[in-house]
Amino acid sequence: MSRSLVPGDVIGIVGGGQLGRMASICARRMGYRTIIYTEEAASPGPQWADQCVVGALDNTDLLTKFGRQVDVVTYETEHIPLASMHLLERLVPVYPSPHVLSITQHRQLEKDFLLQNGFPLPACATIRSYDHLVQEVSRLNRPCVLKTATGGYDGKGQWKVGLQDGDVAAAWKAANGRGTVLEEWVDLAFECSVIGARAVDGTMAFYGPLLNDHANHILDVSVCPIVESRMSDSLRAEAREIAAALCTKLDVVGLLCVEMFVTTSGKLLVNELAPRTHNSGHLTIEGHVTSQFEQIMRIVAGLPLGAVDQIRPAAMANLLGDLWSAGPPRWDRLLRHPAAKLHLYGKLDAKPGRKMGHVTATADTPEAAAETVQRARADLVGG
Ligand SMILES: Nc1ncnc2c1ncn2[C@@H]1O[C@H](COP(=O)(O)OP(=O)(O)O)[C@@H](O)[C@H]1O
Ligand SMILES: [Mg+2]
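At position 287 of the sequence shown the residue is numbered 287 (the working numbering), and the sequence of numbers has no breaks.
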């Protein structure tokens, strides 16, 4: 990019979800206009964008129209046909580049890239047939997990291979041809993520590591910072070094979230990469000088990075559609916790497992912040 965007210029975001919504809020606060390209008009992003273009993610006519209306493009999901991003790249700068997307949207290519470049990752194999699966399961040992190469999220597209007779055949059947990546089941102490930010001029900054607790394979609670007794200074530094090396190696302009496993023997393994804002970074809105959402908008606008210093320990709990099962949640009860900050994404139907919003709190310690968000969330449905 030859110039920084100026207020009034237009940032295009592909994807209509909550990540684009929260980025659009920041862009508009900074004086930019936003256009969101989405498959569905009634999605969280368009409610906070200047305009939206509604079409399939492979509609070349609409993508061309969108590309001509914007000054730069970024995306909030990896589930976009690569050809569509190449089409847009011929019209405007796209950040992170389609090359980054080509690797991170494909679990097998991502693992090959990590392996070839010496990054630590769980033992894995590419599966070609049922017989090959049987052979690789005995090499990796059980339990292990079969995953789809593309399109998976929130644990969807994963089939665990347990210890029982018949589990291999059951996983293969359930995957129905989609399970092509087999991975050892890691003995986890906990999970963490580092969100790297890299500007057009190559300067970098990092959020985290953030501590991530999952429930049913979906992120449940994130906390930052991680206390020294849980993760040593040197391991935290190592996690940031891995993220820095990945941002540089992939030549990321934008954000790269690196999800990591910390094993019970204290080793870091890279789980997966996301070239975008990440659910674990939502607490940066209240916790950090510059949120991940403002940061991505600054980067795509060609501006310097904002400071990533943490203002106060912070925690975030996701609000899933399950909370609506006995009627509308009691928001008044959540907000009786004075430190609780409520974020709802404007989704109309609450389905189990669907991310409807989140609650963040800051406190004197990360433990106190984590306790507040969990209590506030529990009170939403408490008697
Ligand atoms: N090999 C594994 N060992 C242990 N836990 C795993 C493994 N793979 C996935 N998980 C659990 O499932 C969650 C989701 O898996 P992940 O591969 O990150 O897929 P996605 O986030 O795309 O659904 C992980 O964050 C982790 O909690
Ligand atoms: Mg994941």
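Ideal placement from N, C-alpha and C gives every residue a C-beta, glycine not left out.
Could you tell me the alpha carbon to alpha carbon distance between residue i and residue j, rounded to whole angstroms?
i: residue 85; j: residue 300; result: 15 Å
i: residue 384; j: residue 284; result: The shown model of the chain, from 1 to 383, leaves out residue 384, and the question about it has no answer.
i: residue 307; j: residue 63; result: 34 Å
i: residue 365; j: residue 336; result: 20 Å
i: residue 268; j: residue 61; result: 44 Å
i: residue 281; j: residue 287; result: 10 Å
i: residue 218; j: residue 359; result: 16 Å
i: residue 71; j: residue 297; result: 12 Å
i: residue 32; j: residue 294; result: 12 Å
i: residue 9; j: residue 27; result: 10 Å
i: residue 270; j: residue 260; result: 4 Å
i: residue 339; j: residue 375; result: 11 Å
i: residue 115; j: residue 276; result: 22 Å
i: residue 315; j: residue 370; result: 5 Å
i: residue 221; j: residue 317; result: 4 Å
i: residue 325; j: residue 381; result: 9 Å
i: residue 101; j: residue 347; result: 27 Å
i: residue 170; j: residue 305; result: 48 Å
i: residue 140; j: residue 187; result: 13 Å
i: residue 411; j: residue 196; result: As displayed, the chain neither begins before 1 nor continues past 383, which places residue 411 out of reach and without an answer.
i: residue 11; j: residue 194; result: 25 Å
i: residue 45; j: residue 25; result: 9 Å
i: residue 98; j: residue 250; result: 11 Å
Mind checking residue i: buried by the 16 CB within 10 Å criterion, or exposed?
i: residue 331; result: exposed
i: residue 279; result: buried
i: residue 132; result: exposed
i: residue 110; result: buried
i: residue 125; result: buried
i: residue 329; result: buried
i: residue 212; result: buried
i: residue 7; result: exposed
i: residue 229; result: exposed
i: residue 258; result: buried
i: residue 373; result: buried
i: residue 289; result: exposed
Have a look at the options and flag the residue whose alpha-carbon is nearest the alpha-carbon of residue i.
i: residue 274; options: 36, 78, 16; result: 78
i: residue 312; options: 295, 362, 333, 357; result: 362
i: residue 345; options: 18, 317, 12, 91; result: 18
i: residue 180; options: 45, 144, 128; result: 128
i: residue 147; options: 122, 252, 183; result: 183
i: residue 178; options: 81, 317, 110, 159; result: 159
i: residue 35; options: 58, 68, 378; result: 68
i: residue 291; options: 227, 14, 208; result: 208
i: residue 90; options: 73, 263, 125; result: 73
i: residue 385; options: 12, 49, 13, 42; result: Outside the displayed range of the chain (1 to 383) lies residue 385, so it cannot be described from this structure.
i: residue 248; options: 87, 347, 96; result: 96
i: residue 227; options: 216, 80, 210, 175; result: 210
i: residue 233; options: 266, 81, 46; result: 266
i: residue 161; options: 176, 153, 137; result: 137
i: residue 80; options: 152, 92, 44, 11; result: 152
i: residue 272; options: 83, 168, 192; result: 192
i: residue 3; options: 66, 53, 93; result: 93
i: residue 239; options: 12, 88, 206, 25; result: 206
i: residue 58; options: 373, 231, 83; result: 83
i: residue 215; options: 123, 354, 176; result: 354
i: residue 379; options: 106, 241, 323, 368; result: 323
i: residue 349; options: 43, 88, 130, 175; result: 43
Contact defined as beta carbons within less than 8 Å: I believe residue i pairs with residue j. What is the distance between those atoms, to the nearest angstrom?
i: residue 198; j: residue 254; result: 7 Å
i: residue 135; j: residue 224; result: About 42 Å separates the two Cβ atoms, so there is no contact after all.
i: residue 244; j: residue 204; result: 6 Å
i: residue 142; j: residue 121; result: Actually they are not in contact, since the Cβ atoms of residue 142 and residue 121 sit about 19 Å apart, beyond 8 Å.
i: residue 56; j: residue 39; result: 6 Å
i: residue 119; j: residue 246; result: 7 Å
i: residue 75; j: residue 15; result: 6 Å
i: residue 263; j: residue 189; result: 6 Å
i: residue 319; j: residue 356; result: 5 Å
i: residue 385; j: residue 185; result: With the chain represented from 1 up to 383, any question about residue 385 goes unanswered, as that position is not in the structure.
i: residue 321; j: residue 351; result: 5 Å
i: residue 51; j: residue 21; result: The Cβ separation is near 14 Å, so there is no contact.
i: residue 377; j: residue 334; result: 7 Å
i: residue 65; j: residue 53; result: 7 Å
Check whether the Cβ of residue i lies closer than 7 Å to any heavy atom of ligand 3, and answer yes or no.
i: residue 272; result: This structure simply doesn't include ligand 3; it includes ligand 1 and ligand 2 instead.
> Quick one: complete beta strand (DSSP E) runs, 3+ long, within the segment 46-81?
Replying inline: Qualifying beta strand (DSSP E) stretches, in chain order: 51-54, 72-75.
>> At 3 residues or longer, what runs of the beta strand (DSSP E) sit wholly inside the segment 249-273?
In response: With a minimum length of 3 residues, the continuous beta strand (DSSP E) runs that stay inside the segment 249-273 are 254-263.
> Along the chain, which unbroken stretches of the alpha helix (DSSP H) at least 4 residues long are found entirely within the segment 117-151?
Replying inline: Fully enclosed alpha helix (DSSP H) runs of 4 or longer: 130-140.
>> My parser needs the beta strand (DSSP E) runs of 3 or more residues fully inside the segment 6-36; what are they?
In response: The segment 6-36 contains these whole beta strand (DSSP E) runs: 10-14.
> Taking only runs of the beta strand (DSSP E) that begin and end inside the segment 165-249, which ones reach a length of at least 3 residues, in chain order?
Replying inline: Here the runs fully enclosed are 179-184, 188-198, 204-215, 218-224.
> What runs of the alpha helix (DSSP H), each 4 residues or longer, lie entirely inside the segment 284-367?
Replying inline: Whole alpha helix (DSSP H) segments, 4+ residues: 284-287, 292-300, 331-334.
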